[in-house]
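This report refers to the structure that appears directly beneath it.
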Amino acid sequence: MGLKKITSDDLENTILNPLENYLSSFKSEYTKERYTRILKGYMMDTLSDLIDGETFEEKVVSLVNKARKDPQWVLSIMVTISKMLRTRTKKDPADKEYLNPNSIRNDFKPFKKLFEMNDVPMAWKRVYAMIPEQIPTSVTGSRPYTRAEISHMLKFTSNSMDRSIILVASSSGIRAGAFDCTWKDITPIYKVDDELLLEITESQQEKAEPVCAIITIKEKSYPEIPAFITPEAYQALMDWKKEYAIQLRREPKDDEPVFKKEGWIGIRKAPRSTITQRVVRCLRRAGMANKLPKGKRRRDVPQMNGFRYFFNKAVKESLKGESQLAQLIKAEYMMDHSGIVKFDRNYFKSGIMELVKEYLNAVPALTISDDERSKAKIRKLQKEKSELEQKNEEISTMKDDIEKMKQRMDVSDKYKKKD
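Counting from 9, one number per residue, gives the positions in the sequence shown under the working numbering.
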């Protein structure tokens, strides 16, 4: 069935509604809300005297229309904002006006999105040239949670949902915004004898042991991004699924959210703020989120990113320097933390098991429970033993082949001498 005829009114609506063009470009509701909040703050406050209009929408339309006619005018606004923000980065960190250099670009992202979606040219290099270089995490003093701290935190979870959030965050390194997965996005990886399998048959169930799991994350234009979790985190999710079923009085459906918002009629996925709030409540109960001393604005361990730092540190220390997974995690830092690993569909299917094998080497370091960590270490030793035995067998086979070749050569030499 074809489309209806496009009229001049349709074209006019696209041109005359810059805010609609901007809002319709978002795939993530969280990102749309955050960007729009920042943009509205500038429109209705910082730039209110410069831009015509009473409402937010009127000001957005006015800004875009004037920017199209006078690019230098809007460039001067962006450069002025950049200079003003840079001035705040030079203040004492204890000052309420202090701004971390790492956060400046966030103020420009909504403008960049608005201008791109409305074909407004902008010399962003000039704008960004005013921004100070980002401060590495090591310089800011932020550190990861320790295993002991995460273990202590787990003692103060109120239910299995809280426990699974903490274990998934620490073993996968995903952001709070990636917790919007559904039950069908969780895929266990089984080990049957010495083989890793994505699916098992009924006859294999008794022997099958979950060695990790994949959480498929949807992000931006990429069809799927795999994040890995430990058997400990996977078991926590299965415990939460049982509690979830009791609350619903039925089994949760595959397309229903894993983490749901409490106190809501029906099932609604938990937004990023809910995930963060639940972690913060656990931290407070554990005595790990006390009020900051006067003059201090940052915690030593970021409340959510502390799990990401733990994950990155553990994986990098566990995997070999040339490991594909380790290299991808390092690259992820250079890509504005946009994701752990990005794949097209073909690579996801063919290459995922290679990354699973590498992730398994890091499972002991990412496991929090002492008992579970001991099991993980045993599995790793068994894997190394199996690999060593396989190599020894290959060497033995090669030696046999060489010996047979020597024998054939000796026989050949004898015949040559007779001739």
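We put the CB at the ideal spot given by N, CA and C, even for glycine.
Quiz item: Whose C-beta lies closer than 8 Å to the C-beta of Tyr106 among residues of the same chain, with five residues either side of it excluded?
Solution: Arg96, Thr97, Lys99, Asp100, Arg305
Exercise. Would you mind working out which of Ile283, Pro79, Ile182 sits nearest Phe319, comparing C-alpha positions?
Key: Ile182
Quiz item: Apart from the five residues on each side of it in sequence, which residues of its chain come closer than 7 Å, Cβ to Cβ, to Ser358?
Solution: At Ser358 the pLDDT is 48, less than 50, meaning the model places this residue with poor confidence and gives no usable figure here.
Self-check item: Euclidean distance between Cα positions of Pro231 and Phe34
Solution: Low confidence applies here, because Pro231 scores a pLDDT of 48, under 50, leaving its location unreliable; read the following figure in that light. Computed Cα separation, rounded: 15 Å.
Quiz prompt | Strand pairing of Thr190, partner residues [DSSP] | solution = Pro265
Quiz item: If we count the other Cβ atoms within 10 Å of its Cβ and call it buried at 16 or more, is Trp248 buried or exposed?
Solution: buried
Quiz item: Would DSSP call Val128 helix, strand or coil?
Solution: coil
Quiz item: For Phe64, does the three-state DSSP call read helix, strand or coil?
Solution: helix
Exercise. Leaving aside the five residues before and after Ser146 along the sequence, list all residues of the same chain whose C-beta is less than 6 Å from its C-beta, in chain order.
Key: Annotation note: pLDDT 49 at Ser146 (below 50); position unreliable, no value reported.
Quiz item: Can you find at least 3 beta carbon pairs, one from the stretch 206-225 and one from the stretch 186-196, that sit closer than 8 Å?
Solution: yes
Quiz item: chain D beta carbons: is any one of them nearer than 7 Å to that of Ser111?
Solution: Absent from the structure: chain D. Only one protein chain is present.
Quiz item: Over what stretch of residues does the beta strand (DSSP E) that includes Leu204 continue unbroken?
Solution: 203-205
Exercise. Under the assumption that Ala244 contacts Arg155 (Cβ atoms under 8 Å), give the Cβ distance between them as a whole number of angstroms.
Key: Contact flag wrong, Cβ pair sits at about 16 Å.
Quiz prompt | Beta bridge counterpart(s) of Ile233 as assigned by DSSP | solution = Ile225
Quiz item: CA-CA distance, Ala253 and Phe64?
Solution: 44 Å
Quiz item: Given a threshold of 16 other Cβ atoms within 10 Å of its Cβ, counted over all protein chains shown, does Ile85 qualify as buried or as exposed?
Solution: buried
Self-check item: Of the listed residues Lys250, Ser90, Lys299, nearest to Glu259 (C-alpha basis)
Solution: Lys250
Quiz item: Based on the DSSP output, what are the partners of Glu217 in its beta bridges?
Solution: Lys199
Quiz item: In angstroms, rounded to a whole number, what distance separates the CA positions of Arg276 and Lys269?
Solution: 6 Å
Quiz item: Leaving out the 5 sequence neighbours to the left and right, which residues in its chain are closer than 7 Å to Tyr355 when beta-carbon positions are compared?
Solution: For Tyr355, the pLDDT reaches just 46, beneath the cut-off of 50, and the residue's location in the model is therefore unreliable, leaving the point undetermined.
Quiz item: Tell me, which residues are paired with Lys277 by DSSP?
Solution: Lys268
Quiz item: Roughly how far, in whole angstroms, is the beta-carbon of Thr190 from the beta-carbon of Leu374, given that I think they are within contact range, below 8 Å?
Solution: About 24 Å; that fails the 8 Å criterion.
Quiz item: Below 7 Å between beta carbons: does that hold for Gln142 and Asn114?
Solution: no
Exercise. Over the uninterrupted alpha helix (DSSP H) stretch that includes Val309, give me the two end residues.
Key: From DSSP, Val309 is part of no alpha helix (DSSP H); its letter is neither H nor E.
Quiz item: Got a sec, what are the start and stop residues for the alpha helix (DSSP H) Tyr43 sits in?
Solution: 37-49
Practice problem: Give the straight-line distance between the Cα atoms of Met361 and Lys133, rounded to the nearest whole angstrom. | Solution: 41 Å
Quiz prompt | Minimum C-alpha distance to Val135 - residue among Ile59, Ser326, Val82 | solution = Val82
Quiz prompt | Cβ pair Ile59, Leu47 closer than 7 Å | solution = no
Self-check item: Cβ-Cβ distance between Pro152 and Lys321 below 7 Å
Solution: yes
Quiz item: Just reading off the alpha helix (DSSP H) that Lys249 is part of, what are its end residues?
Solution: 239-256
Quiz item: How long is the line joining the alpha carbons of Met130 and Tyr43, rounded to whole angstroms?
Solution: 18 Å
Exercise. State the DSSP-derived secondary structure class of Phe351, mapped to helix, strand or coil.
Key: Note that Phe351 scores a pLDDT of 44, beneath 50, so its modelled location is shaky; the value from the coordinates is reported in the next line. Of the three classes helix, strand and coil, the one that applies to Phe351 here is strand, per DSSP.
Quiz item: From Ile410 to Asn400, what does the alpha carbon distance come to, in whole angstroms?
Solution: 15 Å
Practice problem: Taking the CB atoms as reference points, tell me whether Thr282 and Met312 lie closer together than 7 Å. | Solution: no
Quiz item: Under the rule that 16 or more other beta-carbon atoms within 10 Å means buried, what is Lys67, buried or exposed?
Solution: buried
Self-check item: Assigned secondary structure, Phe34 (DSSP; H/G/I helix, E/B strand, else coil)
Solution: coil
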